[in-house]
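Start counting at 1 in the sequence shown, then tack on 7, and there's your number in our numbering. Note that beta-carbon positions come from the ideal geometry of N, C-alpha and C, so glycine has one too.
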Amino acid sequence: MSIEAPKATIIPASDDLFVATTPNGTALTIDTNSERHLAPSPMELLLLALGSCTAVDVINILKKRRERVTDYRVEVRGERREDHPRGYRRLWVHHIIRGHHISTKAVAQAIELSENKYCSVAASLRPAAEILSSYDVIEDPEITLPD
């Protein structure tokens, strides 16, 4: 007996352009024409998947630790193999955290927990690609209002 898993569907829309529907019914366009750039390519979607997976982990861990984050972003880039199927060989994930008195130890621990315990996208990519993480913590000045 097998349990049917939710499925994504992809249908052609025009030359090298596809419409994908996620298991929850959200539609998005995928462009496989590397010169046109109308929508993300499948490989760009992998970068977005990794970045968003780790971002949700890290920001939630920092919130639970009551870190005073005022801004957060993740930048992801990848180096692809020369030979086909040209998968990613190495991925760099860079976290940029702004806030008030942010603990660098808390940031490092949150990233480590995401990488090694929580982020299922990283776990899926890791057998084929090295994932390197880094971070910058930027201190936001405290704003004091006059009385």
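Distance CB(residue i)-CB(residue j) smaller than 9 Å
i, j, result
"T69", "I104", "Here residue 69 turns out to be Leu, not Thr, going by the sequence shown. Yes. Within cutoff."
"I37", "L55", "no"
Collapsed DSSP secondary structure at residue i in the structure displayed
i, result
"G58", "helix"
"P19", "strand"
"S48", "coil"
"A129", "helix"
Closest by C-alpha distance to residue i, when choosing among the options
i, options, result
"N31", "E86, K14, P148", "K14"
"D63", "P134, V128, R88, L139", "Note that residue 63 is Val in the sequence shown, not Asp. When only C-alpha atoms are compared, the closest one is V128."
"E143", "K124, D78, P47, E11", "Note that residue 143 is Asp in the sequence shown, not Glu. Among K124, D78, P47, E11, the Cα nearest to that of D143 is on D78."
"R80", "I66, H91, I18", "I66"
Residue i: CB within 8 Å of a non-hydrogen atom of the ligand SAH
i, result
"K112", "Because no ligand of any kind appears in the structure shown, any question about the ligand SAH cannot be addressed here."
N-terminal and C-terminal residue of the beta strand (DSSP E) that residue i is part of
i, result
"T111", "No beta strand (DSSP E) contains T111, which is instead part of the alpha helix (DSSP H) from 111-120."
"I145", "137-146"
"T36", "34-38"
"T29", "Unbroken run through T29: none, as it is neither H nor E."
For this session: Could you name each continuous alpha helix (DSSP H) segment of 4 residues or more that falls completely within the segment 56-98, going from the start of the chain to the end?
Result: Runs of the alpha helix (DSSP H) inside the segment 56-98: none found.
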